[in-house]
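Heads up, the sequence shown is in the working numbering, so the first residue is 1 and it goes up one at a time. Below is one structure, written out as structure tokens; comments come after it.
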Amino acid sequence: MQTYGNYINGEWLTSGPTFENINPANTDEIVGLFVKATAADVDAAADAAAAAFPKWAAMAAPARANILFKAADILESRFDQIAAEMTREEGKTFPEAKGECRRTINILKYFAGEGSRMGGHLVPSERDRVHMFAIRKPIGVVGLVTPWNFPSAIPCWKLAPALICGNTVVIKPASAAPLSAWRIIEALHEAGIPKGVVNFVAGSGGTLGKALVEAKPLKAISFTGSESIGKWIHTEASKRMLRIQLEMGGKNPTIVLKDADFNAAVENVANAAFFSTGQKCTATSRAIVEDEIYDKFVAALVERTKKLKVGNGMEAGIDIGPAVDEAALNAILEYIEIGKKEHGAPVVGGNRLTGGAFDKGYYVEPTIFADVKEDARIAKEEIFGPVLTVHRASNFEDALRMANSTQYGLSASVQTSNVSRVFDFVYGAEAGLLTVNLPSAGVEYQLPFGGTKDSSFGPKEQGPAAFDFYSDYKTIYLKY
Ligand code: NAP
1 MQTYGNYING EWLTSGPTFE NINPANTDEI VGLFVKATAA DVDAAADAAA AAFPKWAAMA
61 APARANILFK AADILESRFD QIAAEMTREE GKTFPEAKGE CRRTINILKY FAGEGSRMGG
121 HLVPSERDRV HMFAIRKPIG VVGLVTPWNF PSAIPCWKLA PALICGNTVV IKPASAAPLS
181 AWRIIEALHE AGIPKGVVNF VAGSGGTLGK ALVEAKPLKA ISFTGSESIG KWIHTEASKR
241 MLRIQLEMGG KNPTIVLKDA DFNAAVENVA NAAFFSTGQK CTATSRAIVE DEIYDKFVAA
301 LVERTKKLKV GNGMEAGIDI GPAVDEAALN AILEYIEIGK KEHGAPVVGG NRLTGGAFDK
361 GYYVEPTIFA DVKEDARIAK EEIFGPVLTV HRASNFEDAL RMANSTQYGL SASVQTSNVS
421 RVFDFVYGAE AGLLTVNLPS AGVEYQLPFG GTKDSSFGPK EQGPAAFDFY SDYKTIYLKY
């Protein structure tokens, strides 16, 4: 059994108490042991990051980029191994894990490339013989706290822009799936990143999160995870006036109109609601369907859902893996019970899967509740599992009103062939990320990512927008 250490000031710290990284598809399998970092480790990591900052910040950005490019090549050389580890620690299917590994590598390369492009502003002055310009500068030590559902891509889409801008980093991955992030740190280490520039601490979110928010050298914190923890981080980090970026929950709608490509809409909703076990922050959790096609759509969606194969994501032909851990499974089952009490039986699914290999994992049937009232708890609260509610809308305006009716605003989708409805949706939907005739989930790294309303706080992630969080401007007026 391999023990994975914390990484502080360029050293792997492999001694001390550990916690288990368990395969949710087969809980007999321990993927690895992780050394439990302490609050003192977080302080040491933040101090190391502070000491490394001046030299790293002074390094030319294209030179920093070379390290990121090299790390991308190292990950590429271990592609299948890393994807299999991701399936084993998080539960998503092997093809999904390979897709995420590809994304991680592309994110590293994209931000490495930005190292040679990172510009500022140069504009003409109103004054004679005055040269005025603004350059980007890093902000210092940045804390990163990440969730388990994209255990490689999310750490990477925070790490890569932070590092290319010249910041130094302390990262705390989710305890349920820390190995995928650890592999990125390993690759950066092997690529020759100077000591202290990146630091990795695994362990209890409560203990390490508090220590990180309180660590004196910290200048900024970027968090992705649940709304409750995000709000706590906001409260604590605001007291110190840290720069804060939060990406949190969603209750994402897909509107299906009568003029949609019917079969494609069924496929898109099934994909967005159930793939990755519904554990994508951009997953569809509400389908809002126009009255004329409602019954036909629900019937087709139920048939499609019955064909989805649930099982161990390492096996060929499996569509949906397990929930990530027992707590996640119990939360999903609890919401299904709430749905049954509040609303009645689901039209498909609604149970934990048991018997044979299912008994070793956290498997749940993809579940649909149809004709759900808008104010039902299952229609308002984030479940973060393979549970979909379906709602009947009298027309597009009614559907859009329903889509916008929750506190969240992460992603939203419309399925239609009417170009005017597309633009009504583009301008009217209250979400940071919209899709048209695609699943609500499935984003690329080249454009800004993030939500509105209670889903997000602070500058967006990814694409060129990532620099708004990870760098600052220095403005210069020069008389010559
Ligand atoms: P979570 O429980 O909030 O955990 C997220 C991270 O915060 C983990 O590393 C966790 O550590 C840590 N943490 C726990 N308590 C903390 C504290 N008191 N202070 C600081 N950090 C703390 O969320 P999750 O269950 O991992 O992820 C699911 C949630 O993430 C869902 O709500 C989903 O919508 C959201 N999400 C949002 C996006 C987006 O971009 N908007 C993307 C992905 C996921 P431990 O693992 O050790 O507890």
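All C-beta atoms in this analysis are idealised placements derived from N, C-alpha and C, irrespective of residue type, glycine included.
Since residue i sits in a beta bridge, which residues does DSSP pair it with?
i: Phe132; result: Note that residue 132 is Met in the sequence shown here, rather than Phe. Beta-bridge pairing links Met132 to Val123 and Tyr477.
i: Ile185; result: The partner list for Ile185 (beta bridge, DSSP) is empty, contrary to what the question assumes.
i: Ser222; result: Leu144 and Gln245
i: Ala39; result: For Ala39, which the question treats as bridged, DSSP gives no partner whatsoever.
i: Pro138; result: Ser471
i: Leu13; result: Asn6
i: Lys172; result: Val145
i: Leu33; result: Thr3 and Glu20
i: Lys373; result: DSSP output for Lys373 lists no bridge partner at all.
i: Val310; result: Ile320
i: Ser116; result: Partner(s): none; Ser116 has no beta bridge.
Taking the alpha-carbon positions, what's the residue i to residue j distance?
i: Gln245; j: Ser238; result: 11 Å
i: Pro151; j: Met86; result: 7 Å
i: Thr93; j: Glu11; result: 33 Å
i: Gly166; j: Ala58; result: 8 Å
i: Glu461; j: Thr27; result: 34 Å
i: Glu29; j: Val123; result: 60 Å
i: Glu303; j: Phe297; result: 10 Å
i: Phe262; j: Ile255; result: 12 Å
i: Lys250; j: Arg286; result: Residue identity differs from the one stated: residue 250 is Gly in this sequence, not Lys. Approximately 11 Å between the Cα atoms of the pair.
i: Ile383; j: Ala328; result: 9 Å
i: Glu374; j: Lys36; result: 43 Å
i: Phe469; j: Arg243; result: 8 Å
i: Glu381; j: Asn404; result: 14 Å
i: Val31; j: Ala357; result: 18 Å
i: Arg377; j: Pro346; result: 14 Å
i: Ala264; j: Asn418; result: 15 Å
i: Gly361; j: Asn23; result: 8 Å
i: Gly350; j: Phe369; result: 9 Å
i: Ile164; j: Val289; result: 44 Å
i: Pro513; j: Phe449; result: An answer regarding residue 513 cannot be provided, because it is not within the stretch 1 to 480 covered by the chain.
i: Glu292; j: Ala273; result: 22 Å
i: Ile230; j: Thr389; result: Residue identity check: residue 230 is Gly in the sequence provided, not Ile. About 26 Å.
i: Ser77; j: Cys281; result: 29 Å
Comparing alpha-carbon positions, which option in the options lies nearest residue i?
i: Asp80; options: Ala65, Val198 and Ala97; result: Ala97
i: Asp325; options: Val35, Val130, Ser175 and Phe111; result: Ser175
i: Gly317; options: Phe275, Asn351, Arg352 and Gly339; result: Phe275
i: Arg352; options: Leu257, Tyr445, Pro366 and Val302; result: Pro366
i: Lys306; options: Ala260, Ile320 and Leu410; result: Ile320
i: Ala52; options: Ser471, Lys453, Glu397 and Gly140; result: Gly140
i: Lys216; options: Lys474, Arg421, Ala48 and Tyr477; result: Ala48
i: Val266; options: Thr282, Tyr294, Met248 and Met241; result: Tyr294
i: Ser15; options: Gly209, Gly5 and Ile22; result: Gly5
i: Ala45; options: Ala63, Ala61, Ile8 and Leu13; result: Ile8
i: Thr235; options: Asp259, Gly209 and Ala260; result: Gly209
i: Ala40; options: Asp398, Gly349, Leu212 and Phe69; result: Leu212
i: Ala50; options: Val169, Thr284 and Val310; result: Val169
i: Pro178; options: Lys453, Ser204, Pro62 and Glu342; result: Ser204
i: Val436; options: Ala412, Pro95 and Leu478; result: Ala412
i: Glu89; options: Pro95, Asp128 and Glu20; result: Glu20
i: Ala60; options: Thr104, Met118 and Thr38; result: Met118
i: Pro194; options: Lys109, Pro138, Ile67 and Lys158; result: Ile67
i: Glu397; options: Ala84, Val387, Thr406 and Asp424; result: Asp424
i: Pro54; options: Ile233, Leu308, Val197 and Leu333; result: Val197
i: Ala65; options: Asp43, Ser125, Glu342 and Ala160; result: Ala160
Please state whether DSSP places residue i in a helix, a strand or coil.
i: Phe384; result: coil
i: Asn330; result: helix
i: Pro253; result: strand
i: Asn404; result: coil
i: Leu433; result: strand
i: Ser471; result: strand
i: Arg103; result: helix
i: Ala260; result: coil
i: Asn418; result: coil
i: Arg484; result: Because residue 484 is not part of the residues shown, which for the chain are 1 to 480, the question remains open.
i: Phe150; result: coil
i: Thr354; result: coil
i: Ala412; result: strand
i: Asn395; result: coil
i: Thr452; result: strand
i: Asn268; result: helix
i: Gly26; result: Residue identity check: residue 26 is Asn in the sequence provided, not Gly. Three-state DSSP puts Asn26 in coil, outside helix and strand.
Give a yes or no on whether 8 Å exceeds the smallest Cβ distance from residue i to chain B.
i: Gly432; result: The structure shown contains no chain B; it holds only a single protein chain.
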